[in-house]
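Let me begin by presenting the structure, written as structure tokens, before commenting on it.
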Amino acid sequence: MKKIKFALLTVVFTSMFSISAYAMDLGKLEKVEDTLVPDGKNAVISQKITAVTNDKGEVAFPLYSKSKILKVESIKGNISEKQKKVEYGDEKYNLIVFKEKNSQVIFEVAMNKENGYKGKKAKIGDTFPGGAVAIEHKVVNTSPNTIKSYSTKIAVPKGKELLNIVGYDAKKDYKVTEENGYIFGGFDFGSVNSGKETKFAINTFSPLKVHRIIVWVGAVVLSVAFMLKNKHLLKGKKA
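Mapping of the sequence shown onto mature numbering (1 follows the signal peptide of the UniProt record, and there is no 0): residues -23 to -1, 1 to 216, in sequence order.
In structure tokens, the structure reads:
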């Protein structure tokens, strides 16, 4: 009887180990690059993923909260099954399948994040002209895979200017670049483990408000100077 119980326990343990091993064997994420650009108050997230499939052609990648996938396109490799949401215990992630097995693949994911560019008041005091706004990209690597290299960059909305960059590891350098008519603030986080949260933000301000004030003050000063210089012309003729 003891031998039977031991055998049953062995089978159960082996099965549990096999399931866990399978759950963790969902390809490899070599590089994930997030780029955010504004679409009104929403954010369009363009995600480029470089990965290696498992022996079934599968790759698990993060599922971002409050974001909706618009499309997925392959750059390298052939997609055999489009992405789907997988829930395994407490884990929630995206799973996509390629024809190529144990091979490097590259694909792009386009997402929409509602109110991603609504922003919130930047924590720099109330006296800064133009009303600084913080735009943040905070995500969790929900996939069971470690991301070997993760980077993100956020575009400054048109009509705004980049004030500074916040929410990053001060020990590493951030990047400011210009692409397709946008100024971007970016940061390379390096390796990101499964379940880890990353956060990056930029502070922006509206220079037009400052310019309007300067122009208005300048106009008033010029008007007063003109009146003082030509006050004799403003006097009415004697009756």
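Ideal Cβ positions, reconstructed from N, Cα and C, are used throughout, including at glycine.
Enclosing beta strand (DSSP E) for valine 133 [first to last residue]: For valine 133, no beta strand (DSSP E) run applies, since DSSP gives it neither H nor E.
Got a sec? Which residues, its chain only, sit under 8 Å from lysine 95 by beta carbon, not counting five neighbours each side? If you ignore the 5 residues before and after lysine 95, its C-beta comes within less than 8 Å of the C-beta of Lys18, all in its own chain and listed in chain order.
For a quick check, are the C-beta atoms of leucine 40 and proline 121 less than 7 Å apart? Judged by beta-carbon spacing, proline 121 lies beyond the 7 Å limit of leucine 40, meaning their Cβ atoms are not closer than that value.
Terminal residues of the beta strand (DSSP E) in which tyrosine 159 lies: From DSSP, the beta strand (DSSP E) with tyrosine 159 extends over 159 to 169.
Please return the same chain residues whose Cβ sits closer than 6 Å to the Cβ of glutamate 58, not counting the five positions on each side in sequence. Same-chain partners within the cutoff: Val74.
In this structure, does DSSP put proline 15 in helix, strand or coil? Strand, per DSSP.
Is the segment 75 to 85 touching the segment 145 to 165, taking contact as three or more C-beta pairs under 8 Å? No, the segment 75 to 85 does not touch the segment 145 to 165.
Quick one: complete beta strand (DSSP E) runs, 3+ long, within the segment 77 to 122? Runs of the beta strand (DSSP E) lying entirely within the segment 77 to 122 and spanning at least 3 residues, in chain order: 81 to 90 and 110 to 117.
Are phenylalanine 182 and alanine 109 close, meaning C-beta to C-beta below 7 Å? Cβ atoms of phenylalanine 182 and alanine 109: closer than 7 Å.
Buried or exposed by the 16-neighbour rule on C-beta atoms within 10 Å, applied to leucine 47: In this structure leucine 47 is exposed. Its beta-carbon is surrounded by fewer than 16 other beta-carbon atoms within 10 angstroms.
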